[in-house]
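Protein chains: 2
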Amino acid sequence: MAAARTVLAVLCDQQRPPDMQRIETLAEVRYADAASLPAAMRGAEALLVWDFLSTAVADAWPAADRLRWMHIASAGVDRLLFPELVDSSVVVTNSRGVFDRPIAEYVLGLILAIAKDLGTTLGLQRQRTWRHRETRCVDGEHALVVGTGSIGRATGRLLRAAGMTVTAVGRTARSQDPDFGAVHASEDLDELIPAADYVIVTAPLTDSTRGMLDAHAFAGMKSSAWLVNVGRGAIVVEADLLHALESGQIGGAALDVFDEEPLPPDHPLWALPNVVVSPHMSGDVVGWLRALVALFTENFDRWQAGEPLRNVVDKSAGFVATGCSSAHE
Amino acid sequence: MAAARTVLAVLCDQQRPPDMQRIETLAEVRYADAASLPAAMRGAEALLVWDFLSTAVADAWPAADRLRWMHIASAGVDRLLFPELVDSSVVVTNSRGVFDRPIAEYVLGLILAIAKDLGTTLGLQRQRTWRHRETRCVDGEHALVVGTGSIGRATGRLLRAAGMTVTAVGRTARSQDPDFGAVHASEDLDELIPAADYVIVTAPLTDSTRGMLDAHAFAGMKSSAWLVNVGRGAIVVEADLLHALESGQIGGAALDVFDEEPLPPDHPLWALPNVVVSPHMSGDVVGWLRALVALFTENFDRWQAGEPLRNVVDKSAGFVATGCSSAHE
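Residue numbers (this note's numbering), protein chains in the order written: chain A, 1 to 329; chain B, 1001 to 1329.
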């Protein structure tokens, strides 16, 4: 009798992941949507959460009778982690790394667009109006990066390469850091914020970061400084941000993430001057879907071979604390 | 009898240069507009062309009876050089250096805005429309910089720092170059253009560069590639560019300079999709006027002391060929 093939469940919407042919020869792959996920999870040892916006995994959890490993096609795991999963022995891995360089470029692009007043230029162009203005140099301007994961690090490196000075805030202070020089603790945010021309949020959403950027933080910012959020909407207290923007307390905000996504059509952020709203796309460059599958495939091979997996999430912390760990411990 | 004070004429519009107090103690400074320039130039040994868009110097030339040195508050001298000045012994210096870093940042900002599709994002925001798209990474994309003066060099260095590969085209080929590795000759443009994702024009307008980017050049470009012009409008054959844009032969164009400036309100470039029109502002950051006067003041002191001037223009070439030369030779 042949050994039973590994069962892999894949939670996806209409669009299945590309490049799955090889894995389909190695495992029984069950593609499921939210409704069919419980059936697909029965007997499955692994789950690929391709539809990373879905919250269907928690609902299907009672059907997870053999699950050992779950991989999510995103960097943030805030939508995925629910108490039963955190308390279980199921190993969770994420897509750390895939979004680093794209998001770093996106942040630098936003900063340069702000410094060079590109939004005004495009607005004047629509009116066929030639109006010369003076703009800002980012050379020597100061960025405060909130979040010292791989996205924050790639962002810090690129901003430095572009001539900016960069300070970082992480969970714990470190005097020596390969990317940032020094990393400051979250408690020091108040002291660091007044010097920043740009406050860049790249942190994961955890209990520690939820609501971290609030009225108090905005009150400390320069009136010319901009907030750039490519992390998660709930790290910023949206009502406080709206007040800071409307009262001119801060220069502006470039936001790629929101409390509610898609941002509702009647939301005031759409129409505020000095606000850039983008649809949670900062990390999604041409080829990102294949890159996500390539990373999953590498982990699948490691898992099959009993080797340490990449990007194992510390489920109680809510992010990847180390590069490698084993799902077979 | 006291020695006669040096006479400095300053061609300016309504707005006089800032920070002139010290020079006013050292020289008799005559501020003039186009109409009063001939009278101001009679007896003047030096002329500061502060209104660098003006062509009044040629008209006032017959009055230049004692002129030895002329400094212009811009990098390009194409508007200034007229045959009688070129043939004269009057030394011309320019503002090389002041615009290097600002323009390099501006070019990188445009490239990232193009790669990240920021114009579409801002357009969708006005419609309160959430529409996720995939964008491009500039990491590994290829920029061809046309012009190896100080602006082209600063641009090349910054694009490289941001992860792009960069090739340069200059007057003459050089196998070893501190900023670009190799510099290719203008004659090789045809061979280099097909590999470029961005063709960046930073060159001065001279007899050699006029009309350099023409139908033939656009025909060689990738259909996804963008032209970025921060040099001079006449380096590009505008009719050919319009055809290339309208026929989809190239991806788009970001233009800061034009044949006619301000760009006339009825000009078709204002309204073409995939065109960014900006009002000749790429180098003009907060503080640029003071930086221009600081450079002029340094040269004024050198001139008074009989020392070599900075940024002496090779009048027959149309740009600064070396860093220093003497106005007293």
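Glycine residues also receive a C-beta, built at the ideal position from the N, C-alpha and C atoms.
| Query | Result |
| --- | --- |
| In the DSSP assignment, find the unbroken alpha helix (DSSP H) run with Trp1303/B in it and report its ends. | 1288-1305 |
| Buried or exposed: Asp190/A, going by 16 or more other Cβ atoms within 10 Å of its Cβ? | exposed |
| In chain A, which residues lie less than 8 Å from Tyr1198/B when you measure between Cβ atoms? | Neighbours of Tyr1198/B on chain A: none; closest Cβ ~14 Å, over 8 Å. |
| For Val1057/B, which option in Val1092/B, Val1029/B, Glu1028/B, Ile1023/B has the closest C-alpha, if you only look at C-alpha atoms? | Val1092/B |
| Are the beta-carbon atoms belonging to Glu1222/B and Glu105/A less than 9 Å from one another? | For the record, residue 1222/B in the displayed sequence is Lys; it is not Glu. Not closer than 9 Å, so no. |
| Under the assumption that Ala1044/B contacts Val1077/B (Cβ atoms under 8 Å), give the Cβ distance between them as a whole number of angstroms. | Actually they are not in contact, since the Cβ atoms of Ala1044/B and Val1077/B sit about 19 Å apart, beyond 8 Å. |
| So, is Ser1282/B buried or exposed, given that buried needs 16 or more other C-beta atoms within 10 angstroms? | buried |
| Please list, in chain order, all residues of the same chain as Asp240/A whose beta carbon is under 7 Å from its beta carbon, the five residues on each side excluded. | Asp214, Ala215, Phe218 |
| Going by other Cβ atoms of all chains shown within 10 Å of its Cβ, with 16 needed for buried, is Ala1143/B buried or exposed? | buried |
| Does any residue of chain B have a CB that is nearer than 9 Å to the CB of Asp284/A? | yes |
| Considering only their Cβ atoms, is the gap separating Pro1102/B from Asp1284/B smaller than 9 Å? | yes |
| How is the beta strand (DSSP E) around Gln249/A delimited, first residue to last? | Note, Gln249/A: premise wrong, no beta strand (DSSP E); not H, not E. |
| Could you say which of Asn299/A, Pro178/A, Gly233/A, Pro194/A lies nearest to Val201/A if we only look at CA atoms? | Gly233/A |
| Report the residue from Leu158/A, Pro265/A, Val107/A whose alpha carbon sits nearest the alpha carbon of Val230/A. | Val107/A |
| Which residues in chain A sit within 9 Å of Ala1162/B, going by Cβ to Cβ distance? | Glu105, Leu108, Leu158, Ala161, Ala162 |
| By a C-beta neighbour count over all protein chains shown, 10 Å radius and 16 as the cutoff for buried, is His1132/B buried or exposed? | exposed |
| By the 10 Å Cβ neighbour count, where 16 or more other Cβ atoms means buried, how is Ser150/A classified, buried or exposed? | buried |
| List the endpoints of the continuous beta strand (DSSP E) containing Gln1176/B. | 1174-1177 |
| Are any of the Cβ atoms in chain B nearer than 9 Å to that of Thr129/A? | yes |
| What's the gap between the Cα of Met1164/B and the Cα of Asp1087/B? | 43 Å |
| CB-CB under 8 Å to Ser1278/B, same chain, minus the five flanking residues each way: which ones, in chain order? | Ala1254, Leu1255, Asp1256 |
| Can the beta-carbon of Ile250/A be found closer than 9 Å to that of Trp226/A? | yes |
| On a CA-only basis, which of Val276/A, Pro83/A, Phe99/A is nearest Val286/A? Give me that one, please. | Phe99/A |
| Using 9 Å as the limit for Cβ to Cβ distance, is Ala115/A near chain B? | yes |
| Can a CB atom of chain A be found closer than 9 Å to the CB of Gln1070/B? | The question names Gln, yet the displayed sequence has Met at residue 1070/B. No, because no Cβ of chain A sits closer than 9 Å to the Cβ of Met1070/B. |
| Taking DSSP's pairing of strands, which residues face Leu952/B in a bridge? | It is not possible to answer for residue 952/B, since the shown part of chain B is limited to 1001 through 1329. |
| By Cβ distance below 6 Å, which residues in the same chain neighbour Leu1124/B in space, the five residues on each side in sequence not counted? | Arg1131 |
| Are three or more beta carbon pairs between the region 1028-1037 of chain B and the region 1004-1020 of chain B nearer than 8 Å? | yes |
| What is the residue span of the alpha helix (DSSP H) that Val1086/B lies within? | 1083-1087 |
| Find out if the Cβ-Cβ distance for the pair Ala162/A, Asp179/A is shorter than 9 Å. | no |
| Is there a Cβ from chain A that is less than 9 Å from the Cβ of Glu1134/B? | yes |
| I'd like the span of the beta strand (DSSP E) that includes Val978/B, first residue to last. | Here chain B has residues from 1001 to 1329 only, and residue 978/B is not among them. |
| I'd like the ranges of any alpha helix (DSSP H) spanning at least 4 consecutive residues and lying wholly in the region 209-262 of chain A. | 215-220, 238-246 |
| Anything in chain B within Cβ reach of Val277/A, meaning under 7 Å, just list it in chain order. | Gln1125 |
| Pull up the DSSP beta-bridge partners for Val1092/B, would you. | Met1070/B |
| DSSP puts Asp314/A in a beta bridge; with which residues? | Phe319/A |
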